[in-house]
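The structure appears right after this line, and notes come after that.
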Amino acid sequence: MWEAFDVGLPDQAAGRAMIAQQLLNGLVSGGVYALFALGFTLVFGLHGILNLAHGGVLMAGAFIAYYTVQAGLPLALGLVLAIIGGGLLSVLLEFTAFRRLRRSGEVEFGAIISSIGANLVLVTIAQRISHTQVMRFPFGTFPIVIYQFLGVRVSALQLFMAACSLVLVVILTFCLYRTGAGRQIRAVASNERAAVLVGTNPNAVYFQTFFLSGALAGAAGVLVGLAFNSIHFMMGEPYLLRGFVVIILGGLGSVPGAMLGSLLFGMIQTLTIAYLPSGLTDAIIYSILFLILLVRPNGLLGKPAAGVMRGRR
Amino acid sequence: MLTISNLSASYSGIQALRGVSLDVAQGEMVALIGPNGAGKSTLLNCVSGIVAPKAGSIRLESRDITGQKPWLVSRSGLLQVPEGRQVLPEMTVLENLRLGLTALGTRPATYPLARVHELFPVLAARSAQLAGSLSGGEQQMLAIGRALMGAPRLLLLDEPSLGLAPVLVQQVFAALQRLNRDGMTILLVEQNARQALEVTSRAYVLEQGQVMFGGRSADLAQDPNVIALYLGQEQKRETFGAKPVNGEP
């Protein structure tokens, strides 16, 4: 996503354009991180479940879109199927890996272990299906068009990614904060018993949050697959690790925090790759995380002791 | 309207209810009093479906609701205002009230927002404030208002006076009386026995999971046994709430 280029401007202007270019690239990839991290932080913030199979859902989303395109169907359909499929897969995880643990009342630790297991299952199935191959969307799946203005190049794919991220994040925020269902979701997160006493079915709420979370990861998977044109069974793993960084940076369980964390992460990452030896990227990102946590131990937008939406039961 | 017969239940391994029978008729306001640990909250939670009873039955009008899922019980119009109010602190007052609409399901609203605001004007004034920033009394009003939004046919209240200053207890009880005059059926669980008997028409006394007395509230307030056990020392202990020493299990 980064590349040196020469647009024939004087040095200083070229330098400014370069920074602008990197910031733009960072914003776009940050938007994709946001899709992934939001679902991750949503399930953690609402239900106290650290779903380590979330990367598997991202990978599954990319696979669904890939096979849809392979079958000769349009990419848009692939994206929709990946969103729905990711959501349903996530609901299936809730059913198989978390529901019984939830009843035991010890969900935090148990869920980490069972989701590691669930992730292995997903990765292994994907490995079998793809014969351990790296797959690519056929050439021209997404038209390669590059726009240029003020010395900054934007590809149609980047615009599409940014638009997808923005739309999905807006939909999520709207669902969560402006609808009756979202109100019930937040109520169950804050005080399940009180929510049940006003007539909320908690199982329906778990279904909705896991579906939303998985749908976002499915969409992220398609965008990642398109951006790097590389789809393989392990593609979810780095995102899981980065997802951790992002939600800790932003504040565990905080939806706006995950947004902010993702965009920051995307920009820091592209800037360090552009200007420094690329091997330093992770060192720099974790150093920044370390420094931020020194100053704000709960992350940028986190609240002490609990996530923004998470009360004690 | 609500008929409980021979209800037994355990809570945390302790038998909390031993064959409790009581009934609440349409339009009545009934108190359930008794010392801490008598099983009052367990009884309410059985009715609400949160605790599964071991034996006995709970009927709402002619329907058997024993052991039904709690959200279905709420949606059928049997709404509990839980102990400790349980408002959602990080939501606004208005959002808390709107959350109450969940219990409506397909039933028509009987207490729309305007009517709740009329009953508790403070909730209108503090509409956009976070519920966590309200005082205890205001939170109690919010909890009652939230239940009202779900069109209760029967309102169950668990210790609404808990932790409130006496003047606020008066206010909350006055609101309950007004609701009752407007036709609301209410079952009021209280440790504050004297005041509960003042505002209700009938009452039951629960002790160690059994109904010890039952009858008209005015009669119970005069009953020597009830006075000795539940009302006698109250005046001296008023600041600590009504918690008779010899009533402890």
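Note that the protein sequences, when read in sequence, are chains H and Y. Heads up, the first sequence is in the working numbering, so the first residue is 153 and it goes up one at a time. Heads up, the second sequence is in the working numbering, so the first residue is 607 and it goes up one at a time. No residue lacks a Cβ here, since even glycine has one placed at the ideal position from N, Cα and C. Being a predicted model, the structure only gives us computed values, none of them experimental.
Outcome for residue i when other beta-carbon atoms lying within 10 angstroms are tallied against a minimum of 16
i, result
"residue 335(H)", "buried"
"residue 739(Y)", "exposed"
"residue 631(Y)", "exposed"
"residue 276(H)", "exposed"
"residue 326(H)", "exposed"
"residue 269(H)", "exposed"
"residue 449(H)", "exposed"
"residue 391(H)", "buried"
"residue 292(H)", "exposed"
"residue 133(H)", "A question about residue 133(H) goes unanswered here, because the residues of chain H that appear run from 153 up to 465."
"residue 713(Y)", "exposed"
"residue 419(H)", "buried"
"residue 686(Y)", "buried"
"residue 655(Y)", "buried"
"residue 386(H)", "exposed"
"residue 701(Y)", "buried"
"residue 295(H)", "exposed"
"residue 681(Y)", "buried"
"residue 188(H)", "buried"
"residue 573(Y)", "For residue 573(Y) there is no data in the structure shown, the boundaries of chain Y being 607 and 855."
"residue 674(Y)", "buried"
"residue 299(H)", "exposed"
"residue 185(H)", "buried"
Residue i versus residue j: straight-line alpha-carbon distance, rounded
i, j, result
"residue 845(Y)", "residue 770(Y)", "Because the pLDDT at residue 845(Y) is just 44, under 50, the model does not fix this residue reliably, and the point stays unresolved."
"residue 647(Y)", "residue 338(H)", "26 Å"
"residue 693(Y)", "residue 711(Y)", "20 Å"
"residue 388(H)", "residue 340(H)", "29 Å"
"residue 661(Y)", "residue 625(Y)", "8 Å"
"residue 811(Y)", "residue 257(H)", "34 Å"
"residue 407(H)", "residue 329(H)", "11 Å"
"residue 228(H)", "residue 723(Y)", "48 Å"
"residue 837(Y)", "residue 664(Y)", "30 Å"
"residue 847(Y)", "residue 825(Y)", "Reliability fails at residue 847(Y), whose pLDDT of 45 lies under 50, so the model's placement of it is uncertain and the value that follows must be treated cautiously. One C-alpha to the other measures close to 22 Å."
"residue 440(H)", "residue 676(Y)", "47 Å"
"residue 462(H)", "residue 364(H)", "Because the pLDDT at residue 462(H) is just 43, under 50, the model does not fix this residue reliably, and the value given afterwards should be weighed accordingly. For residue 462(H) and residue 364(H), the distance between alpha carbons rounds to 18 Å."
"residue 302(H)", "residue 211(H)", "36 Å"
"residue 779(Y)", "residue 805(Y)", "7 Å"
"residue 760(Y)", "residue 788(Y)", "13 Å"
"residue 342(H)", "residue 198(H)", "8 Å"
"residue 214(H)", "residue 730(Y)", "49 Å"
"residue 285(H)", "residue 232(H)", "24 Å"
"residue 457(H)", "residue 263(H)", "Model confidence at residue 457(H) stands at a pLDDT of 49, short of 50, so the residue's coordinates are unreliable; what they give is reported in the following sentence. Taking the straight line from one Cα to the other gives about 20 Å."
"residue 238(H)", "residue 444(H)", "33 Å"
"residue 683(Y)", "residue 709(Y)", "7 Å"
"residue 180(H)", "residue 696(Y)", "32 Å"
"residue 607(Y)", "residue 640(Y)", "23 Å"
"residue 758(Y)", "residue 636(Y)", "16 Å"
"residue 643(Y)", "residue 816(Y)", "12 Å"
"residue 850(Y)", "residue 835(Y)", "Confidence in residue 850(Y) is poor, its pLDDT being 47 and thus under 50, which makes the residue's placement too unreliable to answer from."
"residue 651(Y)", "residue 790(Y)", "20 Å"
"residue 485(H)", "residue 194(H)", "Residue 485(H) lies beyond the residue range present for chain H, which begins at 153 and ends at 465; the question has no answer from this structure."
"residue 437(H)", "residue 398(H)", "10 Å"
CB-CB length for residue i against residue j, believed under 8 Å
i, j, result
"residue 371(H)", "residue 234(H)", "6 Å"
"residue 395(H)", "residue 192(H)", "5 Å"
"residue 401(H)", "residue 416(H)", "7 Å"
"residue 785(Y)", "residue 792(Y)", "7 Å"
"residue 405(H)", "residue 453(H)", "Rounded, the Cβ-Cβ distance is 10 Å, inconsistent with contact."
"residue 765(Y)", "residue 689(Y)", "5 Å"
"residue 751(Y)", "residue 703(Y)", "6 Å"
"residue 615(Y)", "residue 657(Y)", "6 Å"
"residue 241(H)", "residue 368(H)", "No, residue 241(H) and residue 368(H) are not in contact; Cβ-Cβ is about 12 Å, not under 8 Å."
Heavy atom of the ligand ZN within 7 Å of residue i beta-carbon
i, result
"residue 412(H)", "The ligand ZN is not part of the structure shown, which contains no ligands of any sort."
Is there contact here, the region 375-386 of chain H with the region 308-317 of chain H, by at least three beta-carbon pairs under 8 Å? yes
Which residues, in chain order, does the region 331-362 of chain H contribute to contact with chain Y at a C-beta distance below 8 Å? 332, 335, 336, 338, 339, 342, 343, 345, 346, 347, 348, 349, 350, 351, 352, 353, 354
Check distances from the C-beta atoms of the region 687-700 of chain Y to those of chain H and list, in chain order, the residues that come in under 7 Å. 688, 692, 694, 695, 696, 697
Identify each residue in the region 705-717 of chain Y for which the Cβ-Cβ distance to at least one residue of chain H is less than 8 Å, and report them in chain order. 705, 706, 707, 708, 709, 710, 711
Residues within the region 744-770 of chain Y neighbouring chain H, beta-carbon criterion of under 9 Å: 749, 752, 753, 755, 756
Using a Cβ distance threshold of 8 Å, determine whether the region 346-357 of chain H contacts the region 202-220 of chain H, with at least three qualifying pairs required. no
Does the region 227-245 of chain H come close enough to the region 191-210 of chain H that 3 or more CB-CB pairs lie under 8 Å? yes
Please determine if the region 317-333 of chain H and the region 249-256 of chain H are in contact, where contact requires at least 3 C-beta pairs separated by less than 8 Å. no
Which residues, in order along the region 771-791 of chain Y, keep a beta-carbon less than 8 Å from a beta-carbon of chain H? none
Any residues in the region 653-676 of chain Y with a beta carbon nearer than 9 Å to a beta carbon of chain H? Which ones, in chain order? 654, 655, 656, 675, 676
Would you say the region 771-785 of chain Y touches the region 727-735 of chain Y, given that touching needs at least three Cβ pairs under 8 Å? no
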